[in-house]
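Participant: Following this message is one structure expressed as structure tokens.
There are 2 protein chains.
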Amino acid sequence: MSIKIGILGYGNLGRGVEAAVAACDDMVLTGVYTRRDPSGLTIKTEGVPVRNASELENGRDDIDVLIICGGSATDLPEMTPKYAALYNVIDSFDTHANIPSHFANVNAAAEKGGKIGIISCGWDPGMFSLSRVYADSILPGGQAYTFWGKGVSQGHSDAVRRIEGVLDARQYTIPIDKALDAVRSGSNPELSTREKHMRECFVVAEEGADKAVIEEKIKTMPNYFADYDTTVHFISAEEMKRDHSGLPHGGSVIYSGKTGEGNSHVVEYSLKLDSNPEFTGSVLVAYARAACRLNSEGVSGAKTVFDIAPAYLSAKSGDELRAHYL
Amino acid sequence: MSIKIGILGYGNLGRGVEAAVAACDDMVLTGVYTRRDPSGLTIKTEGVPVRNASELENGRDDIDVLIICGGSATDLPEMTPKYAALYNVIDSFDTHANIPSHFANVNAAAEKGGKIGIISCGWDPGMFSLSRVYADSILPGGQAYTFWGKGVSQGHSDAVRRIEGVLDARQYTIPIDKALDAVRSGSNPELSTREKHMRECFVVAEEGADKAVIEEKIKTMPNYFADYDTTVHFISAEEMKRDHSGLPHGGSVIYSGKTGEGNSHVVEYSLKLDSNPEFTGSVLVAYARAACRLNSEGVSGAKTVFDIAPAYLSAKSGDELRAHYL
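Protein chains in written order, with this note's numbering: chain U, 32 to 357; chain R, 32 to 357.
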């Protein structure tokens, strides 16, 4: 019997989840839920209803897992605990500092409802976190380095767009080769923020705007750019559309540790993604499978990727995995 | 309370496990067991007894997990089921074709004894298998490529040593850059055995041996070398000792898959290991921690890396992992 999936929120991530569900033979999308007017929303999957989020309130029997595609700043802290009381839920909560409290809130709600809530799925947090924990467990006392990019950072792109005179902007985070090479050598270098990543911005300016002022405002913006070497390119709206429409991303977790009398080992997990939201959506969907199965075995409460055995993510049987993937 | 570890077998892998246990604050080595005369064996850890394997027969209360460091051809098929009836056990069984039957045998014994037997731990099978299953679960329908090396293949080195006139030999398996690049591009190439890896042999020949004959015998050896491009270097015993004493290894699992309307994603997990047995031993020890914990929760039977949630491998608490590794 197919796993019935509901999607709450239909931005880039919601559409990525929709594509991932469509690629899974063992799942079916039964509804997309939105806080906006459902009649204004057309989704890609034919024959699947779009409903107002209010229709989730009393618990529905056509949802085995609700995948919550909201923002970490304000949406998820409220939504995930709320719906975890009624549904098995998955989110991609990524405000690292607030993960412990979010976990506690989701856990309380999910335990009460007898449901599972898997939080902070995706690739970072998510697959990168797994890579850090596996490596640290095998080689205790080693050092993990995380590099992001080359890819579009939506938060940084938004920050540039808020500058006066900017019509549109795209920001790429780029890891610095020299730092990557040093880490891959196993030398455990100490690296400053500026030494690890650089930032490249493509900006469409209003006609008559002072480009020098915009560039200065970007490069000196605290937290976002001031600690990095940043380059700024002014381009036309046509160039933006033609060359920067995608949302590629990726990165690497590189862990180096020692064993015995100084033998060095380097473990690297890296991703090169054409579409950040589609890959993230695919991770959420694999964990939705796990949530459904674990809950059917009687497991409840908040979980993270650390708590889920890999076999639960796969549509393949244990026999098949052992015979062909081990 | 520390996890009490016993090691059965004290070759390269047994010594790697010993080094890994010494690096874990939550574990203690309580004994090394050998089928040979224990009085002939001196181990590295001071104050730890070496005993004959026969002393394992009736079950000992100073072992929480027995790590079995034997060969896959004849040792493990007999040993792992035998000891799984009495102890939580870990092995590194790597004869891929026989994993299903080995799993069934270990499962029957472990279930009967109420113990856990985790088979086929290490990096391939092991961490590479995990990497294949995670990627396949997230991006169903994609393609996995596994490359080994650069590293010493002990089986291939042994095969060369058995040739008449050969005193010593070391064989390196080397992935071919052109194949790696093609796979990393996401183009899903079809690659023959010869296109993926090459083999390089360093040979110490007997005085007066016909080197041309030895080289020909190596290069045409079925299964081991005939399907590869192989280079052979004759060196002195001193050069062998000086330049080829280590057991480095490594490799990469590269998985590429698509989402949505043709967006391509490449996931790569790679290892660069100074010491194959010490890294493998470190993986076995992390899974020993998991075996001990799971068994204390009442879980029994045969398991593989697919069945173990990552948090069980770590000495760190769930709170700590969520706060610092997610």
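All C-beta atoms in this analysis are idealised placements derived from N, C-alpha and C, irrespective of residue type, glycine included. Quick caveat: nothing in here was measured; it's all calculated off a predicted structure.
Check the Cβ-Cβ distances between R:Asn43 and every residue of chain U, and say whether any is below 9 Å.
Facilitator: Residue mapping note: residue 43 of chain R aligns to position 12 of the second sequence, counting from 1. Chain U, which has no Cβ nearer than 9 Å to the Cβ of R:Asn43, makes this no.
Participant: For a cutoff of 9 Å on Cβ pairs, would you count U:Glu247 as touching chain R?
Facilitator: The sequence position of residue 247 of chain U within the first sequence is 216, counting from 1. Chain R, which has no Cβ nearer than 9 Å to the Cβ of U:Glu247, makes this no.
Participant: Leaving out five residues on either side along the sequence, give the residues of the same chain with a beta carbon under 6 Å from the beta carbon of U:Ala166.
Facilitator: Within the first sequence, the letter at position 135 stands for residue 166 of chain U. Taken in chain order, the residues that qualify are Tyr286, Val298.
Participant: Mind pulling the chain U residues with CB within less than 7 Å of R:Val297?
Facilitator: In the second sequence, the residue the question calls residue 297 of chain R occupies position 266. Correct list: Lys303.
Participant: Is U:Ile130 close to chain R? Criterion is C-beta to C-beta, closer than 9 Å.
Facilitator: One-based indexing of the first sequence puts residue 130 of chain U at position 99. Yes, because at least one Cβ of chain R sits closer than 9 Å to the Cβ of U:Ile130.
Participant: Check the DSSP bridge columns for U:Tyr203 and list the partner residues they point to.
Facilitator: Along the first sequence, one-based indexing puts residue 203 of chain U at 172. In the DSSP output, where bridge partners are listed per residue, U:Tyr203 has U:Val183, U:Glu231.
Participant: Return the chain-ordered list of same chain residues with a C-beta closer than 8 Å to the C-beta of U:Ala342, the five sequence neighbours on each side being excluded.
Facilitator: Reading the first sequence from its first residue, position 311 is the one you call residue 342 of chain U. Within the same chain, U:Ala342 has close Cβ partners Gly349, Leu352.
Participant: Which residues bound the beta strand (DSSP E) around R:Ala333?
Facilitator: As a first step, residue 333 of chain R must be located in the second sequence, where it is residue number 302. R:Ala333 -> beta strand (DSSP E) spans 332–334.
Participant: What is the DSSP secondary structure of U:Asn119, reduced to helix, strand or coil?
Facilitator: To locate residue 119 of chain U, count along the first sequence from 1; it is residue 88. Correct three-state label for U:Asn119: strand.
Participant: Out of R:Leu39, R:Gly153, R:Ser223, R:Gly332, state which residue places its alpha-carbon closest to the alpha-carbon of R:Val137.
Facilitator: Numbered from 1 along the second sequence, position 106 holds the residue referred to as residue 137 of chain R. Among R:Leu39, R:Gly153, R:Ser223, R:Gly332, the Cα nearest to that of R:Val137 belongs to R:Gly332.
Participant: What's the call for R:Arg225, buried or exposed, on a 16-neighbour Cβ count within 10 Å?
Facilitator: Here residue 225 of chain R refers to the residue found at position 194 when the second sequence is read from its first residue. Per the 10 Å Cβ criterion, exposed.
Participant: Using 8 Å for Cβ pairs, my map puts U:Glu231 next to U:Tyr203. What's the rounded Cβ distance?
Facilitator: Counting from one through the first sequence, the residue named residue 231 of chain U turns up at place 200. Counting from one through the first sequence, the residue named residue 203 of chain U turns up at place 172. Right, the Cβ-Cβ distance comes to about 5 Å (below 8 Å), so this counts as a contact.
Participant: Would you kindly report the start and end of the unbroken alpha helix (DSSP H) that includes U:Asn326?
Facilitator: Position 295 of the first sequence, counting from 1, holds the residue named residue 326 of chain U. Per DSSP, U:Asn326 belongs to the alpha helix (DSSP H) from 307–327.
Participant: Show which residues of chain R have a CB atom less than 7 Å away from the CB atom of U:Asn294.
Facilitator: Working through the first sequence from its first residue, we reach residue 294 of chain U at position 263. The answer, in chain order, is Asp305, Ser306, Glu309.
Participant: Would you call the CB atoms of U:Phe124 and U:Thr105 closer than 9 Å?
Facilitator: Numbered from 1 along the first sequence, position 93 holds the residue referred to as residue 124 of chain U. Numbered from 1 along the first sequence, position 74 holds the residue referred to as residue 105 of chain U. No, the pair does not count as a contact, with Cβ atoms beyond the cut-off.
Participant: Where does the unbroken beta strand (DSSP E) through U:Glu299 begin, and where does it stop?
Facilitator: Stepping through the first sequence from its first residue, residue 299 of chain U is reached at position 268. Start and end: 294–304.
Participant: Please classify U:Ala115 as buried or exposed, where buried requires at least 16 neighbouring CB atoms within 10 angstroms.
Facilitator: Here residue 115 of chain U refers to the residue found at position 84 of the first sequence. U:Ala115 should be labelled buried.
Participant: Along chain R, which residues have their Cβ under 7 Å away from the Cβ of U:Arg163?
Facilitator: Residue 163 of chain U sits at position 132 when you count from the first residue of the first sequence. Within 7 Å Cβ-Cβ: Tyr356.
Participant: Do you know how far the Cα of U:Ser85 is from the Cα of U:Gly217?
Facilitator: Indexing the first sequence from 1 puts residue 217 of chain U at position 186. Indexing the first sequence from 1 puts residue 85 of chain U at position 54. Approximately 53 Å between the Cα atoms of the pair.
Participant: Put R:Gly157 into one of helix, strand or coil per three-state DSSP.
Facilitator: Numbered from 1 along the second sequence, position 126 holds the residue referred to as residue 157 of chain R. If DSSP states are grouped into helix, strand and coil, R:Gly157 belongs with the strands.
Participant: Closest to R:Gly239 by C-alpha separation, out of R:Gly196, R:Ala190, R:Ser184, R:Asn294, would be which residue?
Facilitator: Here residue 239 of chain R refers to the residue found at position 208 of the second sequence. Out of R:Gly196, R:Ala190, R:Ser184, R:Asn294, R:Gly196 has the C-alpha closest to the C-alpha of R:Gly239.
Participant: Given this structure, state the Cα-to-Cα distance separating R:Val263 from R:Asp274, to the nearest angstrom.
Facilitator: Looking up residue 263 of chain R in the second sequence gives position 232. Looking up residue 274 of chain R in the second sequence gives position 243. When rounded, the distance between both Cα atoms is 15 Å.
Participant: How about R:Leu87: is its C-beta nearer than 9 Å to some C-beta of chain U?
Facilitator: On the second sequence, residue 87 of chain R is found 56 positions in, with the first residue counted as 1. Closer than 9 Å: no.
Participant: Chain U beta carbons: is any one of them nearer than 9 Å to that of R:Val290?
Facilitator: Working through the second sequence from its first residue, we reach residue 290 of chain R at position 259. Per the sequence presented here, residue 290 of chain R reads as Thr, with Val not at that position. With 9 Å as the cut-off, R:Thr290 counts as an interface residue toward chain U.
Participant: Run the proximity test for R:Leu72: is its beta-carbon closer than 8 Å to any non-hydrogen atom belonging to the ligand GDP?
Facilitator: In the structure shown, the ligand GDP is absent, as is every other ligand, since no ligand is present at all.
Participant: Does R:Ala213 have its Cβ less than 9 Å from a Cβ in chain U?
Facilitator: For this step, residue 213 of chain R is matched to residue 182 along the second sequence. No, R:Ala213 does not count as interfacial toward chain U.
Participant: What distance in whole Å lies between the Cβ atoms of R:Tyr300 and R:Phe178, which are believed to be in contact at a cut-off of 8 Å?
Facilitator: In the second sequence, the residue the question calls residue 178 of chain R occupies position 147. In the second sequence, the residue the question calls residue 300 of chain R occupies position 269. With 8 Å as the limit, R:Phe178 and R:Tyr300 do not qualify as a contact, their Cβ atoms being about 11 Å apart.
Participant: Given a threshold of 16 other Cβ atoms within 10 Å of its Cβ, counted over all protein chains shown, does R:Gly291 qualify as buried or as exposed?
Facilitator: In the second sequence, the residue the question calls residue 291 of chain R occupies position 260. Looking at its Cβ environment, which holds 16 or more other Cβ atoms inside 10 Å, R:Gly291 is buried.
Participant: Can you check whether the CB of R:Glu270 is closer than 9 Å to the CB of R:Phe233?
Facilitator: By 1-based counting over the second sequence, the position of residue 233 of chain R is 202. By 1-based counting over the second sequence, the position of residue 270 of chain R is 239. Taking 9 Å as the Cβ cut-off, R:Phe233 and R:Glu270 qualify as a contacting pair.
Participant: Where does R:Pro80 land, buried or exposed, given buried means 16+ other C-beta within 10 angstroms?
Facilitator: Here residue 80 of chain R refers to the residue found at position 49 of the second sequence. Classification of R:Pro80: exposed, given that the 10 Å Cβ count is below 16.
Participant: Taking Cβ-Cβ distances shorter than 8 Å, what residues in chain B pair up with R:Gly172?
Facilitator: Among the protein chains in the structure shown, which are U and R, there is no chain B.
Participant: Please work out which residues of its chain come closer than 8 Å, Cβ to Cβ, to U:Gly180, disregarding the five sequence neighbours upstream and downstream, and give them in chain order.
Facilitator: Along the first sequence, one-based indexing puts residue 180 of chain U at 149. Closer than 8 Å at the Cβ level, and outside the excluded window around U:Gly180, lie Tyr203, Thr204, Ile205, Pro206, His228, His280, Gly281, Gly282.
Participant: Using a cut-off of 7 Å between C-beta atoms, extract the partners of R:Pro156 located in chain U.
Facilitator: The residue labelled residue 156 of chain R in the question sits at position 125 within the second sequence. Ordered by position in chain U, the residues that pass the 7 Å Cβ test against R:Pro156 are Leu357.
Participant: With DSSP collapsed to three states, give me the class of R:Ala54.
Facilitator: By 1-based counting over the second sequence, the position of residue 54 of chain R is 23. R:Ala54: coil per DSSP, three-state reduction.
Participant: Identify the contact partners of R:Leu393 in chain U, using a Cβ-Cβ distance below 8 Å as the criterion.
Facilitator: The structure shown does not extend to residue 393 of chain R, since chain R is modelled only from 32 to 357, so the question has no answer here.
Participant: What is the rounded straight-line gap between the Cα of U:Pro253 and the Cα of U:Tyr259?
Facilitator: Counting from 1 along the first sequence, the entry for residue 253 of chain U is found at position 222. Counting from 1 along the first sequence, the entry for residue 259 of chain U is found at position 228. Cα-Cα distance, rounded: 10 Å.
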